[in-house]
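Below is one structure; the comments refer to it alone.
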Amino acid sequence: MGTDEHMYSISILREEEYMEFVLNLSDELTILDALDEIRYTMDSSLQYRHSCHHGSCGTCACIIEGTQRLACMTRLSEFPDRKISVRPLDSFRIISDLVVDISSMVQKMPVNSYLRDSELNTEVLPPDGIASWVRFENCIECGSCISACPVSERFLGPSPLAAIHTEILKRKDPDEIRELRALAYGETGVSGCDKHFICSRVCPVKVSPGKHITELRREQ
Ligand code: SF4
Ligand code: FES
Numbered sequence: 179m180g181t182d183e184h185m186y187s188i189s190i191l192r193e194e195e196y197m198e199f200v201l202n203l204s205d206e207l208t209i210l211d212a213l214d215e216i217r218y219t220m221d222s223s224l225q226y227r228h229s230c231h232h233g234s235c236g237t238c239a240c241i242i243e244g245t246q247r248l249a250c251m252t253r254l255s256e257f258p259d260r261k262i263s264v265r266p267l268d269s270f271r272i273i274s275d276l277v278v279d280i281s282s283m284v285q286k287m288p289v290n291s292y293l294r295d296s297e298l299n300t301e302v303l304p305p306d307g308i309a310s311w312v313r314f315e316n317c318i319e320c321g322s323c324i325s326a327c328p329v330s331e332r333f334l335g336p337s338p339l340a341a342i343h344t345e346i347l348k349r350k351d352p353d354e355i356r357e358l359r360a361l362a363y364g365e366t367g368v369s370g371c372d373k374h375f376i377c378s379r380v381c382p383v384k385v386s387p388g389k390h391i392t393e394l395r396r397e398q
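At position 43 of the sequence shown the residue is numbered 221 (our numbering), and the sequence of numbers has no breaks.
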């Protein structure tokens with residue numbers, strides 16, 4: 179056993195019961211690495227989502243020791259007692275084990291909000307007095323904010339409202355802006371938010387959906 183390897187207990191919620199897997203892992207590995215190891219060596223039926231392995235795709239979000247996190251960006255070394263619980267995101271339909279159906283969130287996103295200009299356009303320089311660009315749209319649609327929000331079922335929810343706000347700021351067509359404002363200030367809009375701001379705390383890419391909702395309220 180290497181010096182950075184230890185026995186870990188990983189308890190995974192499967193069909194409403196936690197199943198414990200005890201295995202030897204390097205402290206430097208991530209929760210996603212541990213899930214891979216369990217799947218490859220202990221239980222090939224374990225279901226979870228992943229794609230990029232580096233915090234870009236949002237597919238691996240789950241609840242790790244009670245908090246919404248990206249499994250690929252959460253290291254085992256963050257849990258010194260080496261007992262780690264993993265369960266699927268709340269507020270979404272569970273498909274299997276850690277796999278949830280995020281279509282309810284995606285359907286609330288404004289149409290075409292995924293499209294954006296290339297971020298690799300080196301011809302475009304920041305204006306005088308501005309040191310660097312900050313990406314305007316960071317959301318990786320992981321669903322963590324919706325899962326963490328205690329009232330997400332009664333309104334559009336944090337990430338769709340953050341997307342609606344960025345679209346309002348971005349778009350020029352008055353009819354499109356009117357439609358987006360109708361969503362933001364309609365029955366399922368910003369009035370449903372109770373200002374818990376847990377959405378902003380759990381967001382792995384600092385979208386700060388709570389701040390977007392606050393700004394939408396101010397711009398009403
Ligand atoms: S706003 Fe943040 S937490 Fe919510 S879906 Fe987008 S990336 Fe995930
Ligand atoms: S696998 Fe893509 S964010 Fe984790």
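For each residue, glycine too, the CB sits at the ideal point set by N, CA and C.
Everything numeric in this text was worked out from a predicted model, so none of it was measured.
Nearest-angstrom beta carbon gap, residue j and residue i [assumed within contact, 8 Å]
i	j	result
residue 227	residue 264	Contact flag wrong, Cβ pair sits at about 13 Å.
residue 326	residue 380	5 Å
residue 213	residue 224	7 Å
Neighbour-count burial assignment, residue i, 16 or more Cβ in a 10 Å radius
i	result
residue 232	exposed
residue 249	buried
residue 480	No information on residue 480 is available, as it lies outside the stretch 179 to 398 that the chain covers here.
residue 345	buried
residue 352	exposed
residue 236	buried
residue 218	exposed
residue 340	buried
residue 322	buried
residue 221	exposed
residue 308	exposed
residue 275	buried
residue 185	exposed
residue 203	buried
Backbone secondary structure at residue i - three-state DSSP
i	result
residue 250	helix
residue 220	coil
residue 215	helix
residue 394	helix
residue 227	coil
residue 434	Within the shown structure, residues of the chain are numbered from 179 to 398, placing residue 434 beyond reach of any answer.
residue 403	With the chain represented from 179 up to 398, any question about residue 403 goes unanswered, as that position is not in the structure.
Segments assigned alpha helix (DSSP H), at least 4 residues, entirely inside the region 294-377: Along the length of the region 294-377, whole alpha helix (DSSP H) runs at least 4 residues long occupy 322-326, 336-348, 352-363, reported in chain order.
Segment contact, 8 Å Cβ cut-off, at least three pairs: the region 201-218 with the region 252-267: Touching, yes.
Three-pair Cβ contact test at 8 Å for the region 230-243 versus the region 362-375: Output reads no: the region 362-375 does not touch the region 230-243.
The region 326-337 / the region 378-387 touching (three or more Cβ pairs under 8 Å): Note that the region 326-337 touches the region 378-387; at least 3 beta-carbon pairs, one per stretch, sit closer than 8 Å.
Three-pair Cβ contact test at 8 Å for the region 300-310 versus the region 357-368: Contact between the region 300-310 and the region 357-368 is absent: fewer than three C-beta pairs spanning the two stretches fall below 8 Å.
4-residue-minimum alpha helix (DSSP H) runs that sit fully inside the region 234-289, ordered along the chain: As far as the region 234-289 is concerned, its whole alpha helix (DSSP H) runs of at least 4 residues are 281-284.
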